[in-house]
Amino acid sequence: MQNDPVDVLVVGAGASGAAVLWSLLETRMKFLCLEQGLRISDMDFPSRDADYELARYGRFSCDPNVRGLKQDYPINSDESCITPVNWNGVGGSTINFLAHWPRMKPSDFRTATLDGVAEDWPVDYARLEPFYEMNDRNVGVSGLGGNPAYPNYALDLPPIPIGKLGQTLANGFNRMGWHWWPSDVAILSQDHEGRQKCVNAGTCDLGCAAGAKGGANFTYWPILENAGVELRTECRVREILVDKGTGLATGVLYHGPDGRVHEQRAELVIMACNGVGTPRLLLNSRSGMFPEGVANRSGMVGRNLMFHPLTGVSGVFDEPMKGHEGPMACSILSQEFYETDPDRNFVRGYGLHSGRSTTPMTFALGGYGIDDPIPWGNQHRFIMDDIYPYLAGLTVVTEDLPEGHNRVTLDPVLTDSDGIPAPKISYRLGENTKRMLEHGKERAKEVLLAAGARKLLFKDDNTVWWRAGWHQMGTCRMGHDPRNSVVDGWGRCHDVKNLFIVDGSIFVTSGAVNPTSTIQALALYVGECIKDNIYNLFE
Amino acid sequence: MWSEAELRVLSSILDELIPASPDGRVPGAGAVVAAEFFRSAAQYAVDPVGAIDVVLAGVSAMTEDFSALDRPERIEILKVVETETPENFALLVRLAYMGYYSRPEIRPLFGPGAQPVHPRGYTVPDESSELIDRLTKPVRQRGRCYRT
Ligand SMILES: Cc1cc2nc3c(=O)[nH]c(=O)nc-3n(C[C@H](O)[C@H](O)[C@H](O)COP(=O)(O)OP(=O)(O)OC[C@H]3O[C@@H](n4cnc5c(N)ncnc54)[C@H](O)[C@@H]3O)c2cc1C
Ligand code: SF4
Chain A
676 MQNDPVDVLV VGAGASGAAV LWSLLETRMK FLCLEQGLRI SDMDFPSRDA DYELARYGRF
736 SCDPNVRGLK QDYPINSDES CITPVNWNGV GGSTINFLAH WPRMKPSDFR TATLDGVAED
796 WPVDYARLEP FYEMNDRNVG VSGLGGNPAY PNYALDLPPI PIGKLGQTLA NGFNRMGWHW
856 WPSDVAILSQ DHEGRQKCVN AGTCDLGCAA GAKGGANFTY WPILENAGVE LRTECRVREI
916 LVDKGTGLAT GVLYHGPDGR VHEQRAELVI MACNGVGTPR LLLNSRSGMF PEGVANRSGM
976 VGRNLMFHPL TGVSGVFDEP MKGHEGPMAC SILSQEFYET DPDRNFVRGY GLHSGRSTTP
1036 MTFALGGYGI DDPIPWGNQH RFIMDDIYPY LAGLTVVTED LPEGHNRVTL DPVLTDSDGI
1096 PAPKISYRLG ENTKRMLEHG KERAKEVLLA AGARKLLFKD DNTVWWRAGW HQMGTCRMGH
1156 DPRNSVVDGW GRCHDVKNLF IVDGSIFVTS GAVNPTSTIQ ALALYVGECI KDNIYNLFE
Chain B
-2 MWSEAELRVL SSILDELIPA SPDGRVPGAG AVVAAEFFRS AAQYAVDPVG AIDVVLAGVS
58 AMTEDFSALD RPERIEILKV VETETPENFA LLVRLAYMGY YSRPEIRPLF GPGAQPVHPR
118 GYTVPDESSE LIDRLTKPVR QRGRCYRT
């Protein structure tokens, strides 16, 4: 079945797809977004249920392999120490993301020049800065200006309270003489532009029923739909079509809600399926012209997969830390060990993130992102009564360097409910990362003790959190050289001039910060470049 | 599905997995987690009822009346069963935690409220700008700490 052609077709209604559409709105072109998932109303978020924590282990798990919903695609992570997590639906993974909102830093875009590792980005911080700002305004960001770890920028809203837990840890960092700062968050600390402020519910992964969290479902999509952007849900794209004669993308094939395959033609196709979904689709789009997958002449599609491997250390304090109160991911962030220091045995660096502690069930089951229940019996009683309420923890979130063997391929057997091959993840920790994790764990112990912890909890081994594949980057990286990158400096595929990619797969390096503010800033930047070049776009 | 006697044993097992606090403030899991929870737990595990059956069989192979034993004896038996059938036992433990801590009346014993977290959430006092200024002062004083 064929549909009326559109000017711009965006695949994926998540963070990046929504942002690029917003940027392009002013062109008044005809837009369509195809999204495999559904709309979800804030009335359906499980945080309104009496047994809300259970949803984390079922229909609202961040792991698509646990959820197993029709709109989810399975992911084979048997050959990985981290499994990707996501949400498939309008808003994408910003439905269940935690909205921690640090920007990348100037040095993150220049790792080859500064540190002799990976590649420099074709864009730099200065180029992206106006788009960070534009996006922050659209999303609603709370934080404290004047952070000495960044070039100065203003924030519209004051920081979310850092709480007793944040204050306690801040004192520890001050005693060590180390950097820390209240976290920037895409969460409203005050009522703002018709949206309600955060009520400190502490379950941001279960959808924000207050609408305070800056998910694309609450920020960009209402504007886009009001402006007439067509959003077709339950439409799963299986293949990108390319014309043999022109070498241009002509549109896509997708499975509609009726289960049938439809063709959608478009002048411009923009991929926004995240760092796993996008390479999967490109690899599945094989033709005589692109036997290894569309836009993959470089062989780079799917390669250089980066997560942010992480581990945690917790301190047990004398007073209750009330860690369940307040947004999950953010209280304070230390970037003391972010930049390369030649005296350390690794390059680049990591952040020490103080999220809040989680709710009792999740804690008893091992923590968020971990499957390792605490012991049963008398020890259980002791841990829940004498440890859990008194906890404040730090996660060591490391930069992941791009390595070609870490990659997304197509699974030869596993498919989604429409028969499209599932992605297969092959990923192992780099030596540099292992050294960073080790270093970070030791520093986290020191600062927790300095903050007054009477006991430390940590794992002795080298394991990282399993369900911590929140950030998926690098699998269709940007670059000037078509031989070792997939898209150019403004997100356009080297091999197919009217095919763009705007999600985290175009990252060249990962930084050591949560990526979504950068993903959306990049999407706005790509939108701007498309507008600037609109009259000679296909040349 | 489970007989009265089996339910009694299951309840006693649960009381060992999550024991009550000595002062009675926190109840044991036997009094809190209903068998119904396990029956409807297929969304969280492949065969929860089957796993519990295996654990119950393991326990009854070692004693005729688990519930009548004193605590150290019960724990001894459970440790043996845990070693013999680790996966099934681990699943029971996991489901016991889920059934227990999902109960609204249990949460406040550990800090969080009984109510669903939305729409009400929690009241966290705003921090004065003086407090934040004072806390961040040493960081600001050390000055810029990024490269370009
Ligand atoms: C639990 C969790 C916590 C997180 N916390 C943070 C945080 O605190 N801070 C932060 O910066 N980031 C966080 N992230 C990451 C953040 O959510 C992502 O970086 C961001 O959403 C990525 O945007 P995207 O547009 O690339 O992809 P997504 O937002 O994931 O959107 C991709 C969309 O594409 C759709 N799609 C995929 N394939 C197809 C197809 N074949 N056809 C049609 N549609 C398709 C999907 O259904 C999905 O809706 C978190 C993520 C998770 C899961
Ligand atoms: S803590 Fe705040 S941001 Fe998080 S879900 Fe609750 S209201 Fe939303």
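Line by line, the protein sequences give chains A and B. Quick note on numbering: the first sequence equals residues 676 to 1214 in the numbering used here. Quick note on numbering: the second sequence equals residues -2 to 145 in the numbering used here. No residue lacks a Cβ here, since even glycine has one placed at the ideal position from N, Cα and C.
| query | result |
| --- | --- |
| Can you confirm whether R141 (chain B), when its beta carbon is compared against all beta carbons of chain A, has any partner nearer than 9 Å? | yes |
| Could you list the residues in the region 1191 to 1202 of chain A with a C-beta less than 7 Å from some C-beta on chain B, going in chain order? | none |
| Would you tell me roughly how many angstroms separate the C-alpha atoms of N1208 (chain A) and G1127 (chain A), rounded to the nearest one? | 57 Å |
| Within the same chain, show all residues whose beta-carbon is closer than 8 Å to that of V78 (chain B), passing over the 5 residues directly before and after it, in chain order. | V52, G55, V56, M59, F86 |
| Could you name the residues of the same chain whose beta carbon sits closer than 7 Å to that of A1196 (chain A), not counting the 5 residues immediately before and after it, in chain order? | L803, F806, Y807, N810 |
| Quick one: what's got a C-beta closer than 6 Å to H999 (chain A)'s C-beta in the same chain, skipping five residues either side? | G877, T1034 |
| Quick one: which residues of the region 798 to 830 of chain A get their C-beta closer than 7 Å to a C-beta of chain B? List them in chain order. | L819, G821, P823, A824, Y825 |
| For the region 45 to 61 of chain B, enumerate the residues whose C-beta is nearer than 7 Å to any C-beta of chain A, in chain order. | none |
| Note down, in chain order, every chain A residue with its Cβ under 9 Å from the Cβ of P83 (chain B). | Residues of chain A passing the Cβ test: none, with the nearest at roughly 13 Å. |
| Name the chain B residues whose beta carbon is nearer than 7 Å to that of V686 (chain A)? | Within 7 Å Cβ-Cβ: nothing; V686 (chain A) doesn't reach chain B, min ~30 Å. |
| Using the beta carbon as the reference atom, which residues fall closer than 5 Å to any heavy atom of ligand 2, ordered along the chain? | A:I862, A:C873, A:V874, A:A876, A:C879, A:C883, A:A885, A:A887, A:K888, A:P1002 |
| Return yes when the Cβ of P1002 (chain A) is within less than 9 Å of the Cβ of C873 (chain A), no when it is not. | yes |
| Taking just the CA atoms, how far does Q1010 (chain A) sit from C142 (chain B)? | 9 Å |
| Going by alpha carbons, who is nearest to P1048 (chain A) out of B:G21, B:S9, B:Y98? | B:Y98 |
| On the three-state DSSP scale, how would you describe Y1102 (chain A)? | strand |
| Going straight from the alpha carbon of W776 (chain A) to that of V816 (chain A), what length do you get? | 8 Å |
| Please state whether DSSP places W762 (chain A) in a helix, a strand or coil. | coil |
| Nearest chain B C-beta to K680 (chain A) closer than 9 Å, yes or no? | For the sequence presented, residue 680 (chain A) should be read as Pro rather than Lys. So no, P680 (chain A) is outside the interface. |
| Cβ of Q746 (chain A) less than 9 Å from any chain B Cβ? | no |
| Tell me the DSSP secondary structure of W856 (chain A) in three-state form. | strand |
| Take the Cβ of R812 (chain A) as the centre, count every other Cβ of all protein chains shown within 10 Å, and call the residue buried at 16 or more, exposed below. | exposed |
| Specify the secondary structure class of A787 (chain A) as computed by DSSP and reduced to three states. | helix |
| Using 8 Å as the cut-off, classify the Cβ of P1190 (chain A) as near or not near the heavy atoms of ligand 1, replying yes or no. | yes |
| With respect to the beta strand (DSSP E) encompassing E754 (chain A), which residues constitute its N-terminal and C-terminal limits? | 751 to 755 |
| Decide if N971 (chain A) is buried, meaning its Cβ has at least 16 other Cβ atoms within 10 Å, or exposed. | buried |
| Could you please give me the residues that DSSP links to Q939 (chain A) through a beta bridge? | A:V927 |
| Tell me whether the region 32 to 47 of chain B and the region 1062 to 1081 of chain A touch, counting them as touching only if at least three CB pairs, one residue from each stretch, are closer than 8 Å. | no |
| Return the residue from the list A:A693, A:D1046, A:F992 that minimises the CA-CA distance to N949 (chain A). | A:A693 |
| Determine whether the beta carbon atoms of G889 (chain A) and S722 (chain A) lie at a separation below 9 Å. | no |
| Grab the span of the beta strand (DSSP E) containing T1084 (chain A) for me, first residue to last. | 1082 to 1090 |
| Quick check: is any heavy atom of ligand 1 less than 8 Å from the C-beta of D1046 (chain A)? | no |
| Can you pull the chain A residues whose beta carbon is under 9 Å from the beta carbon of R117 (chain B), in chain order? | V874, A876 |
| At 7 Å on the CB atoms, spell out the chain A contacts of V114 (chain B), in chain order. | S722, Y727, A876, G877, T878 |
| With 7 Å as the C-beta to C-beta threshold (strictly closer), list the residues of the region 1107 to 1137 of chain A near chain B in chain order. | none |
| Which residues mark the beginning and the end of the beta strand (DSSP E) in which V1071 (chain A) is found? | 1066 to 1073 |
| Quick one: what does DSSP say I1215 (chain A) is sitting in, helix, strand or coil? | The requested residue 1215 (chain A) does not occur in the structure, where chain A is confined to residues 676 to 1214. |
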